[in-house]
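> In the numbering used here, the protein residues as written are 9 to 94.
Even for Gly, the Cβ is constructed at its ideal location relative to N, Cα and C.
As the structure is a prediction and not an experimental result, all values here were calculated from the model.
Here it is, the structure, as structure tokens.
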């Protein structure tokens, strides 16, 4: 496969090689693709978790199980803190 890079992309790859973060142009691109794949899978897992939480919320609403706003806000804050630490 032939890949065309912009001068800035070529410069970045050369910097990665010079710094020792990559051994070659192919290695730099492969590592970048791995990071992109990992980021994609993490975002898909987070999306699935959020969908699960939404489904639980909908189910609770349908069963009329309610939570007071203070409890809900505290739980949301804790969830945000937990996710930011992952």
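Can you tell me which of the three DSSP states residue 10 falls into?
coil
> Is the Cβ-Cβ distance between residue 21 and residue 33 less than 7 Å?
Yes, Cβ-Cβ distance for residue 21 and residue 33 is below 7 Å.
> Consult DSSP for residue 93 and reduce its assignment to one of helix, strand or coil.
coil
> Taking the alpha helix (DSSP H) that residue 76 falls in, what are its first and last residues?
Premise fails: residue 76 is in no alpha helix (DSSP H) and is neither H nor E.
> Measure the alpha-carbon distance for residue 56 versus residue 82 and round it to whole angstroms.
Cα to Cα, residue 56 sits roughly 22 Å from residue 82.
> What's the gap between the Cα of residue 68 and the Cα of residue 35?
49 Å
> With 7 Å set as the bound, which would you pick, yes or no: does the beta-carbon of residue 21 sit closer than that to a beta-carbon of chain D?
You won't find chain D in this structure, because it holds only one protein chain.
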